[in-house]
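Here's the structure, in structure tokens; my notes come after.
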Amino acid sequence: GFLFKGQKTVPYCPRCQTPLSSFELAQGYAEAEDPSVYLRFKIQNSKSYNLPPNTSFLVWTTTPWTLPGNVALVVNPAADYVILRHNDENLILAKDRLEIFGTGTTVVKQVKGKDLVGLKYEPLYQLTDHTTAYQVYSEDFVSLEEGTGIVHIAPAFGEDDFELSQKRGLPLVNYLDREGKFSQNIAELNIKGTYFKEADAIILDNLASRGFLFKSEKITHTYPFCWRCSTPLIYQVMDSWFIKMSSLRKELIAANQKINWIPGHLKQGRFGEWLKEAKDWAISRQRFWGTPLPIWICQKCGEKMVVGSISELKKKAFSFPKTKELDLHRPFVDEIVLKCEKCNGQAKRVEEVIDVWFDSGAMPFAVKEYPDFYPADYIAEGIDQTRGWFYTLLAVATALSKERPYKNVLSHGLVLDEKGLKMSKSRGNMVEPGLVLERFGADALRFYFYTATQIGENIRFSFEDLRNSANRWQRFFRNSFLYLKIKLASCQSSAEQTTVASVKHILDQWLLSEYNLLIREVTNNFNQYKIVEAARQIENFLEMLSNWYVRRSRGRFTKGFFGTLKEVLLGTSKLLAPLTPFLSEEVWQGLRAKEMPFSVHLSNWPKAKEKLINPKLNQQMAMARQLAEAILGLRSKAGIKVRQPLAVASFEGPVLGKSILEIVAAEVNVLKIRKIKTSPEFKVKLDTKMTAELKQMGLERELIRQIMDLRKGFGYQINDRLLAKLEPKSKALSKLLKDRKNKIAASARLELVLEIEAKHKKEILVNEEPITISLA
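If you want it as structure tokens, here you go:
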């Protein structure tokens, strides 16, 4: 009894010439400008109702094209209505809607809505002689939030209107054809063949000339459009085949209780509320293409037959079309005639095809592997699919008495422009995905979407935000990877054994602790579908890896360092693989041993080594970074570059170990860090006095940096050892080279010579001190 044919008000697309289901309707709303008109419906024989002469109902509508179909007016029975004296006429409207008038009006009388019931009025266009037409009725659905509190009823073009017509026996006046055009002239209106939207102006001009139009304005409001072709829809009474989903509301709600929704508020909110009001599903479409509705009706007795398989079709058929293979699409299936089970008469197929959303909802049952993978563990789609695929899957499964079709559903928001507007060609704010991928790559775009907002929230797409996101995590990950590759290539003796056995350096211990904690937290978040949290945790870890571990490990080419960094990079590539598959694969291929899986996507998910997680060490290192940040802030305030060593930094704050403080000292470039006293918060002091020795140390660092920049600019690799001649032009640089030339040469990977056939030669300034550098 769930499938029936009935007459209902359905949203109809005049371009596609087919009705739409309620959830298709929900996907097509958009802002539109329409007429906002107030009309006089003149009361007939007002004296007999003890009303002043020249009294009219004031009625508001945004669909003038429906006015020829008007057969009744409806008021709210419990609301207060007033007779208002305005200029030389009397107007009836809801008391709560007096705001639409300014000054210059007088309330003549106040009545309840129920007291207006039965009043007859002069038709705008008399297209019926039915005795129930052109009078006032009362219903609770009449709103006092907009308009005048009086609703015009055209049963052929509105759901409430049609239901009222069924309840009150009102006539149905329908004058639109399948293309949304007027099928006849209306009274003196030569309107036949006019598209319904274009008829608004014609009808309003006519009503104005006859004294029915009180006021006409424009309004921007939400209007339903076809989700396929963007044509304005019509609510129209039509014959259609329905699945009686209204009788399955309890079952739908019960099935939804067993589904895990991300974000969780959708379960009882947007989706749950939709299920509470589930409407009968109009599944038939008046189209040529599509899955034919498998219903045959006997031409003799009217018996309905539903066919469920090809074998059943062959068994019941009188004849098949003369083709080699059976084609179940139109027009071939229409030629198949069945034998009526009741009277042996001929049964022919109905012309309609099935709503494509029914196809999508039946997907789990249409796969070869069913029921092996039913229900699905996880599905994901945009939030609009709470009115689409998410619903049709549940609707079909529930109608078939099956369990929930999916266990977990992730519903993400929509991508909007920077101003929060929907992207569209007409606005000129569309972003071409192909250009974004070409410019930034798929990984950058994917990670941006994972971290920009919480799941379920809309994303305001910004090229600047995308660029900043990519520059952060990609730079952290790729730079750490390239640094390891370069150092492994230059230190072959340390590359043979790169596994983590028992690391001793505190930085290695800390990184392994944070890394294994990351595995645990990311795994937990992925298991709970908290993808945003997982992605942001990985990004924060990559920042620590690059900006703290790798930088503070420079010059430390030990097996512990190589092994730790390699294990962490390989493991992090696994964590990132579901999010950013391409860079993860690049890192995996660059570091994997021969015995490892060929692809990161074929490897096992990493498991946290709980014994390596050291919360106390993690906390100590976090405080160390906090202390370093505070000291660097004082440097910046004093205008002293980090490359310039300083003597001492003092602090009050939490207890930090000696090795931790040594790391901080190296980070902020001070010779000594001294603790004054213990306190919960950090307070720092920085000795900015500059001695000759400190100046020389700063000059040394700046010279090395500029030499390395020259090497890079001239195209040399970091491991290339070059011949160099350094010619200082100042006493300070001459003394520096005399005192520290061996250290400078080692740090800059140079072999200093007195004579050279230079390939590259350049004079530079090092802290305003000139020097000529020749390289070969």
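Offset between the sequence shown (1-based) and the working numbering: plus 243. Don't be surprised by glycine CBs; every beta carbon is placed ideally from N, CA and C.
Selection L822, L387, Q589 and K802 evaluated against Y772 yields L822 as nearest (Cα-Cα).
Taken in chain order, the whole alpha helix (DSSP H) runs of length 4 or more contained in the region 280-358 number zero. Here E895 carries a strand assignment [DSSP, helix/strand/coil]. Put simply, of D577, D602 and E584 the residue whose alpha carbon is nearest the alpha carbon of K591 is D577. Cβ-Cβ distances below 7 angstroms link L334 to S299, L301 and L327 in the same chain, with the five nearest sequence neighbours on each side left out; the list follows chain order. In the DSSP annotation of this structure, the continuous segment of the alpha helix (DSSP H) that includes I445 starts and ends at A442 to S452. A distance below 8 angstroms between beta-carbons, with the five flanking residues on each side excluded, links I702 to the following residues of its chain, in chain order: G656, L657, V658, L659, F692, A695 and T696. Where S1017 is concerned, the enclosing beta strand (DSSP E) starts and stops at E1012 to L1018. V317 has its alpha-carbon roughly 15 angstroms from the corresponding atom of K338.
Residues L653 of the same chain have their beta carbon placed closer than 6 angstroms to that of A623, with the five preceding and five following residues left out of the count.
If you draw a straight line from the Cα of F247 to the Cα of F400, it is about 22 angstroms long. Using a Cβ distance threshold of 8 angstroms, R573 and F531 count as a contacting pair. Secondary structure in the region 407-483: the beta strand (DSSP E) runs of 3 residues or longer, each lying completely within the stretch, are 456-467 in chain order. In terms of Cβ geometry, G533 and I597 form a close pair [threshold 8 angstroms]. Its Cα nearest to that of R868, the residue V911 stands out among V911, T465 and P366.
Restricted to the region 567-603, the beta strand (DSSP E) segments that are unbroken, complete and at least 3 residues in length are 580-582 and 589-592, listed in chain order.
Secondary structure at E274: strand, using DSSP grouped into helix, strand and coil. Annotation: W848 is outside any beta strand (DSSP E) and is labelled neither H nor E by DSSP. According to the DSSP assignment, F561 belongs to the beta strand (DSSP E) that extends over A560 to S562.
The alpha helix (DSSP H) runs lying completely inside the region 881-951 and spanning 4 residues or more are 901-911, given in chain order. Look at the beta carbons and you see the region 439-452 not touching the region 378-396: under three pairs across the two are nearer than 8 angstroms.
Contact between the region 960-976 and the region 909-926 is absent, with fewer than three C-beta pairs closer than 8 angstroms. If only complete runs of 3 or more residues are kept, the region 756-826 shows no beta strand (DSSP E) anywhere. The three-state reading of DSSP puts A623 in strand, counting E and B together.
Here the C-alpha atom of F706 lies approximately 29 angstroms from the C-alpha atom of R471.
Excluding sequence positions up to five before and after S789, its CB lies within less than 8 angstroms of the CB of R718, F719, F720, N722 and S723, all in the same chain and listed in chain order.
In the displayed model, I540 falls within a strand according to three-state DSSP. Proximity to C256 across I1014, N768, K557 and F468 peaks at F468, based on C-alpha coordinates. Take L456, set aside five residues on each side of it, and the residues of its chain with a beta-carbon closer than 7 angstroms to its own are V280, L282, L447 and L450, in chain order. Around R421, the same chain offers Q260 as residues with beta carbons nearer than 6 angstroms, after the five sequence neighbours per side are excluded.
For T375, the closest alpha carbon among the candidates G356, P398 and S386 is that of P398. Under the Cβ criterion (8 angstroms, minimum of three pairs), the region 963-979 counts as touching the region 935-952. Burial of M481 is indicated by the presence of at least 16 other C-beta atoms within 10 angstroms of its C-beta. Within the region 501-545, complete beta strand (DSSP E) segments of at least 3 residues are found at 503-505 and 538-541, given in chain order. By the neighbour-count criterion, in which a residue is buried when 16 or more other Cβ atoms sit within 10 angstroms of its Cβ, L688 is buried. Judged by their CB atoms, L818 and I856 are not nearer to each other than the 8 angstroms cut-off.
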